[in-house]
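Student: Residue numbers (this note's numbering), protein chains in the order written: chain A, 81 to 260; chain B, 28 to 348. Quick one: structure below, then a few questions.
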Amino acid sequence: METLRSIIEIASVFVLPALIVGFPLYGLLKKVPVYEEFVEGAKGGFQVAVTIIPYLVAILFAIGMFRASGAMDFMVDGLRPLFGLIGIPPEVLPMMIMRPLTGSGSAAIVLDMINQFGEDSILVKMVATMFGSTETTFYVIAVYFGAVNVKKTRHAVPAGLLADIVAMIAAVFVVRWLFG
Amino acid sequence: MLNYIWAGLIILSLVFGMVYDINDLASDTYRNGQSFELTIEPTDPETTDARRVPVDVRINPAAYQDFYGVSSTPDSVYSGVVIRNEEGLQLRFAQDVSVPEPWATIRSETSERDNDMRGVLTGWSASGGTAQVSFQEVRFVKMRAIAAAALSMAELAVELALGLIGVLALWMGLLQIAEKAGIIHSVVRVTQPFLRPLFPDIPKGHPALGMIVLNLTANMLGLGNAATPLGIKAMEELQTLNAEKETATDSMVMLLAMNTASVQLVPPVLLVALMGLQINQLIFAIIIVTGISLIVAITAAKLLSKTKRFRASAPAATTEG
Numbered sequence: 081m082e083t084l085r086s087i088i089e090i091a092s093v094f095v096l097p098a099l100i101v102g103f104p105l106y107g108l109l110k111k112v113p114v115y116e117e118f119v120e121g122a123k124g125g126f127q128v129a130v131t132i133i134p135y136l137v138a139i140l141f142a143i144g145m146f147r148a149s150g151a152m153d154f155m156v157d158g159l160r161p162l163f164g165l166i167g168i169p170p171e172v173l174p175m176m177i178m179r180p181l182t183g184s185g186s187a188a189i190v191l192d193m194i195n196q197f198g199e200d201s202i203l204v205k206m207v208a209t210m211f212g213s214t215e216t217t218f219y220v221i222a223v224y225f226g227a228v229n230v231k232k233t234r235h236a237v238p239a240g241l242l243a244d245i246v247a248m249i250a251a252v253f254v255v256r257w258l259f260g
Numbered sequence: 028m029l030n031y032i033w034a035g036l037i038i039l040s041l042v043f044g045m046v047y048d049i050n051d052l053a054s055d056t057y058r059n060g061q062s063f064e065l066t067i068e069p070t071d072p073e074t075t076d077a078r079r080v081p082v083d084v085r086i087n088p089a090a091y092q093d094f095y096g097v098s099s100t101p102d103s104v105y106s107g108v109v110i111r112n113e114e115g116l117q118l119r120f121a122q123d124v125s126v127p128e129p130w131a132t133i134r135s136e137t138s139e140r141d142n143d144m145r146g147v148l149t150g151w152s153a154s155g156g157t158a159q160v161s162f163q164e165v166r167f168v169k170m171r172a173i174a175a176a177a178l179s180m181a182e183l184a185v186e187l188a189l190g191l192i193g194v195l196a197l198w199m200g201l202l203q204i205a206e207k208a209g210i211i212h213s214v215v216r217v218t219q220p221f222l223r224p225l226f227p228d229i230p231k232g233h234p235a236l237g238m239i240v241l242n243l244t245a246n247m248l249g250l251g252n253a254a255t256p257l258g259i260k261a262m263e264e265l266q267t268l269n270a271e272k273e274t275a276t277d278s279m280v281m282l283l284a285m286n287t288a289s290v291q292l293v294p295p296v297l298l299v300a301l302m303g304l305q306i307n308q309l310i311f312a313i314i315i316v317t318g319i320s321l322i323v324a325i326t327a328a329k330l331l332s333k334t335k336r337f338r339a340s341a342p343a344a345t346t347e348g
């Protein structure tokens with residue numbers, strides 16, 4: 081496991097420079113006017129960022145309000161019996177609700193739980209696995225669809241959320257199986 | 028779906044915020060207008076006549092719990108200062124000390140900038156002894172908080188979006204070169220057999236597939252910075268195949284689902300920073316879970332696209348391809 085990880089880690093260090101150098105280098109060999117093409121493509125960066133703004137504002141302010149309202153405490157209380165039933169510790173519930181909504185918020189939860197339970201605790205392992213194996217779904221939706229001005233997202237939200245829910249429940253059981 | 032979730036988040040925050048605030052009012056959580064008894068001793072007898080008297084504030088934990096009806100206890104001694112002015116005596120705790128609820132909330136509501144507990148002091152003699160302190164009244168904490176959060180998050184959203192400009196420009200420039208040099212085309216040719224089944228509406232040899240491969244690879248290697256621009260570029264390519272520009276195609280949803288499942292072989296930098304070396308133990312767990320979520324995401328996107336409701340809303344493909 082350790083060696084596999086270092087191999088992947090080294091690969092991930094070299095991929096970026098390899099691409100950044102490799103693309104123009106290969107372009108040069110293929111007689112592409114690399115500088116001109118780079119600038120031409122890069123022009124799009126500003127436009128895309130600006131296009132994303134309304135989508136990101138819409139998603140983030142709604143999530144920000146939700147976080148600030150204390151709604152989570154109520155939801156955690158409401159869901160506790162249900163999750164107890166399928167064997168999920170109630171301490172990880174805030175993470176399960178927060179993860180798809182906000183990246184910084186869920187990182188804060190991991191940090192809180194490290195301070196509260198210690199890095200070694202199985203609860204921290206569960207939330208860290210949840211954090212590492214899922215994405216901030218609503219942020220990804222806002223950015224990716226926002227960039228091309230798609231407003232009708234069809235089944236993207238249900239598919240993304242379903243994957244999140246299954247992943248987070250799986251995290252509980254996988255961690256318990258590996259470390260429990 | 029997104030319409031309902033979005034509106035739901037906003038409405039729920041109002042509802043829960045109101046429930047919270049009304050609950051606060053009903054149970055008088057902050058004991059508005061009442062005064063609390065504590066003991067205040069000057070730390071230095073020389074200064075008792077001064078305008079600012081440094082003091083030690085002693086709180087009886089039982090009295091605190093009884094007064095506020097909570098189970099948390101304050102520290103036994105806080106340092107602070109008593110300030111004399113025309114209006115009388117004011118007690119200020121030292122900045123940033125750790126106080127239990129509900130004092131923590133009272134402090135953050137009444138002294139946001141300095142972060143020191145402050146209250147009006149009565150019945151205190153400069154030689155020390157018991158005194159009554161009453162804090163400014165606190166109401167509608169959550170209402171204020173959700174309004175503030177909405178405004179600050181709106182600002183943050185713009186910061187985040189504008190912060191992407193540089194990285195976006197860099198990658199879009201590089202990809203332009205890659206496309207002209209034929210690199211994307213080669214990537215498409217090699218990976219086509221594996222990925223076409225997931226994205227059946229992308230024509231053979233179309234650059235969209237190449238961008239998708241690059242995006243997924245960057246994700247796998249934990250290169251979040253590069254994955255986003257590559258994903259956006261992939262969306263742009265997919266959009267060229269879309270006749271209804273406001274509606275997501277099946278392929279777009281599939282790409283999105285695969286991204287939210289976040290196939291990761293290398294854990295995100297942030298998690299490594301939080302967990303330190305402990306992360307080594309978790310790599311295996313993360314890979315298993317991320318694999319499960321990828322399978323679920325692909326299956327869900329595929330099956331949902333076949334349901335009546337989403338088949339009806341599927342946009343037509345452009346004819347020019």
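For each residue, glycine too, the CB sits at the ideal point set by N, CA and C.
#1: Between Asn195/A and chain B, is there a C-beta pair that is closer than 8 Å?
#2: Could you tell me which of Ser92/A, Ala91/A, Arg85/A, Leu108/A sits nearest to Gly209/B, measuring between CA atoms?
#3: Which ranges does the alpha helix (DSSP H) cover as unbroken runs of at least 4 residues, wholly within the region 214-256 of chain B, from first to last along the chain?
#4: Do Leu203/A and Met210/A have their CB atoms nearer than 8 Å?
#5: Is any beta-carbon of chain B found at less than 8 Å from that of Phe211/A?
#6: What residues from chain B crowd round Phe146/A, counting only those whose CB sits closer than 7 Å?
#7: Where does the unbroken alpha helix (DSSP H) through Asp143/B begin, and where does it stop?
#8: Look at the alpha carbon of Met302/B and the alpha carbon of Leu258/A, and state the distance between them as a whole number of angstroms.
#9: Threshold first: 3 residues or longer. Then list the beta strand (DSSP E) segments lying entirely within the region 38-87 of chain B, N to C.
#10: Quick one: is Leu331/B near chain A, going by C-beta distance under 8 Å?
#11: Alpha carbon to alpha carbon, how far is Leu165/A from Leu159/A?
#12: Using a Cβ cut-off of 8 Å, which residues of the region 129-145 of chain A contact any Cβ in chain B, in chain order?
#13: Gly124/A by DSSP, collapsed to three states: which one?
#14: Flag Asp262/A as yes if its beta-carbon sits less than 8 Å from any beta-carbon of chain B, otherwise no.
#15: For Gly348/B, count the other beta carbons within 10 Å of its own beta carbon; 16 or more makes it buried, fewer makes it exposed. Which is it?
#16: Answer with buried or exposed for Tyr115/A, where buried requires no fewer than 16 other C-beta atoms within 10 angstroms of its C-beta.
#17: For Glu171/A and chain B, any beta-carbon pair shorter than 8 Å?
#18: Got a sec: is the Cβ-Cβ distance from Gly258/B to anything in chain A below 8 Å?
#19: Where do the ends of the alpha helix (DSSP H) carrying Leu116/B lie?
#20: For the beta strand (DSSP E) holding Ser161/B, just list the boundary residues, first then last.
Tutor: The relevant details are as follows:
#1: no
#2: Leu108/A
#3: 234-247
#4: no
#5: yes
#6: Leu36, Leu39, Ser40
#7: Run containing Asp143/B: none; DSSP gives neither H nor E here.
#8: 18 Å
#9: 63-69, 79-85
#10: yes
#11: 10 Å
#12: Ala129, Val130, Ile132, Ile133, Leu136, Val137, Ala138, Ile139, Leu140, Phe141, Ala142, Ile143, Gly144, Met145
#13: helix
#14: Residue numbering for chain A in the displayed model covers 81 to 260; residue 262/A lies beyond these limits and cannot be assessed.
#15: Residue placement at Gly348/B is flagged as unreliable, the pLDDT there being 44, under the threshold of 50; a coordinate-derived value is accordingly withheld.
#16: exposed
#17: no
#18: yes
#19: That residue, Leu116/B, is in no alpha helix (DSSP H); its beta strand (DSSP E) goes 115-120.
#20: 156-162
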